[in-house]
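Residue numbers (this note's numbering), protein chains in the order written: chain A, 1 to 430; chain B, 431 to 1005.
Here a beta-carbon is modelled for each residue, glycine too, at the ideal position from N, C-alpha and C.
Keep in mind it's a predicted model, so treat the numbers as computed, not measured.
What follows is a single structure, written as structure tokens, with notes after it.
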Ligand SMILES: Nc1ncnc2c1ncn2[C@@H]1O[C@H](COP(=O)(O)OP(=O)(O)O)[C@@H](O)[C@H]1O
Ligand SMILES: [Mg+2]
């Protein structure tokens, strides 16, 4: 027998408060209105009052409508039939095909015991020198691209995604424009991976609560595939839209904001998602790449700031290039010691020189005389930008390292590079 | 069951009870499926207790039973802690992994110490002896140390030893002594005892002034901004500036007996690195595996927030316990900001009046009270124990004007400010030599340190000036000064953490290298032109850096040192 509750006490923002009993915290409910059903989630219990966050928003909900409780938390159906399919934030098919008939798995599973995590040690070769040499990407890493509107961050995401050679790709779109969704689809189709891709897409036109559910669904499904031994890549774009949805809802819930309107638990909310990236001991892995657009190109904005504290580095995409400063892969040292013996020396040496080049450029721009040393640095900067930083460059790691040596030899004496003697003796071009 | 749930909001549960409730006592919220979720009473109003649940509250219902206990949130103390990997509530993670699998399922708790291990006990007192809380009754060997079995710290007054166990093998559950109090009542003592984490554990004759340098083998710390045993320091810095790496290398190289790592609200991956690496790494001072002197407490960012707040206290209590054995302990907390944020989340749910950036008004006093648990103590038998606390701070937006950084700076003895500019330019460790400070005295004569600090400051001024007047407007003397400051920065302050030799510099080598650099910096150079000055400085930088990479007592070392001496002898004229 289905039990309905119709004593709705309050409707505000996305939240409906109904009197009911025996309801579990975090459980799902269905709110039935004249316009149809919407899922909702229990976010507060207080005596007999149950507060529900309604996924589709509360527009059109009346105090005469009915609520039914599902007695389980948010779930997502999981089976191999997901592959090649597209869903929305509430888990409904978006591709006009039938619903998935499979057992659901709870979203927001408990954290992985650190003891059961492997040390990440497999480098993902992207053929982008700014990544491979300077900030190597590693399987099971969680890493965002920091960018601003107008940059081609989704393209970069898709490019790395294809290059990563994962068993399964899961795309989570939040506030995505429909065109961008189609572009991803096209890229995956051209890359021949559509058949092993699952997409959860929330567009700017969909209800804001559904945006919040995208990462959880993607990551729950990814985790299941990984437990089966598969290497899963999750692409999330744009996590700033996710954070903004959190902000909107916490303000409606009258939480005291901590910083520019964002809730005090923004860090925790983001971390619980990003930390799903894992290399399981004796099973598969989940790698998470995300896009974070920085409002006002400000990295101290709470969204990029909290993200940077959580993720294992970040790539700054600016002016169509991956910036050498600020970009970081925290896992690079797990892999770059075993690639080639000059990898670390080139990584440090080239960036230190490029930093000096920027200083010389500043001096030049102020109209100061350039010393011979300044001129060498300027030349170096130019070559480095054209032959290494340029995103059109698409070469394997070793070739990129050789290219760096060639540039150094064109500009400097060995001693001036700051690279230690033993490495110079072995690699300096003659 | 002596209570029932009346409200659930996030990890905050309100429970109604008709019995006595003790503030800060623990309790269990019992979910419909029988799972018991550990909680702590954090506010009592009439017959309603507010409890923070240390687990996800998913599935709890109104009217679910609550079990209140009398005891406060406590840790178990005894042999077997060293090498342990615990969550914030001291559940042993390896054992949980064995029994529960990949995930940290709510409501799974395990005893922190192995109960079937046998420890070889040697009594240290005789029947009839008078003892007090903290006095050693006997010892058991634990890895490198004689682990003292002490009279429970909470026992007040003087006791008489009625029975003491014979030398032999015992488990932590076996009775190893029986003590009688004034009224003649007998109390059994086991090897394990408990202590409430939020109360400082300190049984001492007196606290002493910390002054013994704690060598970390990080040059910029030991030589320029030293820390001492029993002192405190903080490392604020924006993300990616190197806070965690600095903590990790300190955990490896610090010249200290025991290191306690509190991984608080940060990445699980970083804990994995430590727990996979440390068993394989050798402590060069003892020849034993590093894990044998380490305890890891981790509540990483995806683990429940309330337990994050507790984890710091769990860690500091274990540290204090070993200090009672006359050992030197180093507690590394990464990051104290996450601990502060956990307080903020809870305070918000309790609807307390928020302070700056929504942190609770008591934030500063909590920070101060935590660092106050560090210190040097003289035990009742005259031995000395110390607890040093170093915490990272993760200021929002890298802006150190925020409440956690400011509250911390008021109470610590040393400040290592990490700078984004330095980490961007890969100048590691990215400790800003102009902004950082230490109130302690280290291994280098302070007069020499002051000299170098003046040079660095002057070098910085000249560089600022050069951005206005250019190199052409700068005298060759000033240019040489600026370049000399760079030499010191490149050759001494920066250190390659991933290099076997350069990564850790022992104290004697630091002292020698510091003096050698002073010689270089104080040379009376007579360069013909600026290009020659620059070339000389490039040369000496290259020489010293390569010397840094050479292991002591090798030909390479001697050869490079000879070249440096030659540079000094010719005042850099031969470059
Ligand atoms: N001392 C160091 N030597 C070399 N690289 C470092 C050093 N400190 C930091 N790094 C680099 O910077 C990255 C970020 O450092 P980390 O300590 O994790 O930063 P934080 O904890 O401040 O966010 C590291 O993964 C490493 O690549
Ligand atoms: Mg860190």
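Any chain B beta carbon closer than 8 Å to residue i
i	result
residue 441 of chain A	Because chain A is modelled from 1 through 430, residue 441 of chain A falls outside the range shown and cannot be assessed.
residue 379 of chain A	no
residue 228 of chain A	no
residue 92 of chain A	no
residue 351 of chain A	yes
residue 139 of chain A	no
residue 316 of chain A	no
residue 366 of chain A	yes
residue 287 of chain A	no
residue 46 of chain A	yes
residue 215 of chain A	no
Proximal residues of chain A, C-beta to C-beta of residue i below 7 Å
i	result
residue 733 of chain B	111
residue 957 of chain B	Going along chain A, no residue has its Cβ under 7 Å from residue 957 of chain B, so there is no contact; the nearest lies around 14 Å.
residue 527 of chain B	113, 115, 116
CB contact check: residue i to chain A, cutoff 8 Å
i	result
residue 846 of chain B	no
residue 974 of chain B	no
residue 987 of chain B	no
residue 446 of chain B	no
residue 546 of chain B	no
residue 683 of chain B	no
residue 423 of chain B	This structure cannot settle anything about residue 423 of chain B, because the visible part of chain B is limited to 431 through 1005.
residue 979 of chain B	yes
residue 790 of chain B	no
residue 516 of chain B	no
residue 524 of chain B	yes
Status (buried if at least 16 other CB within 10 Å, exposed otherwise) for residue i
i	result
residue 637 of chain B	exposed
residue 298 of chain A	exposed
residue 780 of chain B	exposed
residue 709 of chain B	exposed
residue 750 of chain B	buried
residue 178 of chain A	exposed
residue 783 of chain B	exposed
residue 101 of chain A	exposed
Chain-ordered chain B contacts of residue i [CB-CB under 8 Å]
i	result
residue 369 of chain A	900, 901, 902
residue 355 of chain A	854, 855, 856
residue 325 of chain A	854, 855
residue 24 of chain A	462, 488, 489, 490, 491
Whether residue i touches residue j by CB criterion (8 Å)
i	j	result
residue 907 of chain B	residue 837 of chain B	no
residue 569 of chain B	residue 592 of chain B	no
residue 475 of chain B	residue 435 of chain B	no
residue 972 of chain B	residue 370 of chain A	no
residue 97 of chain A	residue 116 of chain A	no
residue 411 of chain A	residue 379 of chain A	yes
residue 935 of chain B	residue 715 of chain B	no
residue 788 of chain B	residue 256 of chain A	yes
residue 486 of chain B	residue 553 of chain B	no
residue 886 of chain B	residue 915 of chain B	yes
residue 503 of chain B	residue 689 of chain B	no
residue 665 of chain B	residue 676 of chain B	yes
Proximity test, Cβ basis, 8 Å: residue i and chain E
i	result
residue 415 of chain A	Included in the structure are the protein chains A and B, with no chain E among them.
Interface residues of chain A facing residue i [CB-CB closer than 9 Å]
i	result
residue 960 of chain B	371
residue 787 of chain B	258, 259, 264
residue 906 of chain B	None at all; the shortest Cβ gap to chain A is about 12 Å.
Contact set between residue i and chain B, taken where Cβ atoms lie within less than 9 Å
i	result
residue 119 of chain A	699, 702, 703, 706, 707
beta-carbon residue i near ligand 4 non-hydrogen atom, thresh 7 Å
i	result
residue 673 of chain B	This structure lacks ligand 4; its bound ligands are ligand 1 and ligand 2.
Closer than 8 Å at the beta carbon, the chain A residues around residue i
i	result
residue 442 of chain B	Ordered by position in chain A, no residue passes the 8 Å Cβ test against residue 442 of chain B, which lies about 10 Å from the chain.
With three or more C-beta pairs closer than 8 Å as the rule, is the region 652–664 of chain B touching the region 730–738 of chain B?
no
Would you check if the region 418–426 of chain A and the region 181–191 of chain A touch, i.e. whether three or more CB-CB distances between them fall below 8 Å?
no
If you pair each beta-carbon of the region 721–732 of chain B with each one of the region 686–700 of chain B, do three or more pairs fall below 8 Å?
yes
Does the region 143–152 of chain A come within contact of the region 278–294 of chain A, defined as at least 3 CB pairs closer than 8 Å?
yes
Cβ contact (3+ pairs, closer than 8 Å) linking the region 236–247 of chain A and the region 258–267 of chain A:
yes
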